[in-house]
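One point on numbering: in my numbering, the residue at position 17 of the sequence shown is 19, and numbering is uninterrupted.
Glycine is no exception: its CB is placed at the ideal position from the N, C-alpha and C atoms.
Below is one structure; the comments refer to it alone.
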Amino acid sequence: MLQMPLLFFSNVLYATEKLPLIFGIIVKINPMTYLVAGLRTMFTQQGSFVFTRDLTIQILILFIFAIFGMSIATKAYKEIISRD
């Protein structure tokens, strides 16, 4: 249910540079944007898998999103368990 908005507010289907400001902000906080950018960087290096600065930043941002999501999920899980 959340995948479609994440897909449309990323750079998967179209360029996001000319979006209005509010949509540009949504694109910047969307983890799908960094996933797609990282995959594009890896596939356009023509077989040489080298960690460039851009790729490293994109992986780091995805890692931060993952830690943030896991901490929210852990907190929610502990609250659910403590109610029972």
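Residue i - DSSP class collapsed to helix/strand/coil
i   : result
E81 : helix
L21 : coil
V29 : helix
L4  : coil
L15 : coil
D56 : helix
T43 : helix
CB contact flag (residue i, residue j, <9 Å)
i   : j   : result
Q5  : A39 : no
L9  : P33 : no
N13 : T46 : no
T43 : V29 : no
For residue i, the nearest candidate out of the options (CA to CA)
i   : options               : result
T58 : L37, M72 and S73      : L37
F67 : I31, L21, L23 and I27 : I31
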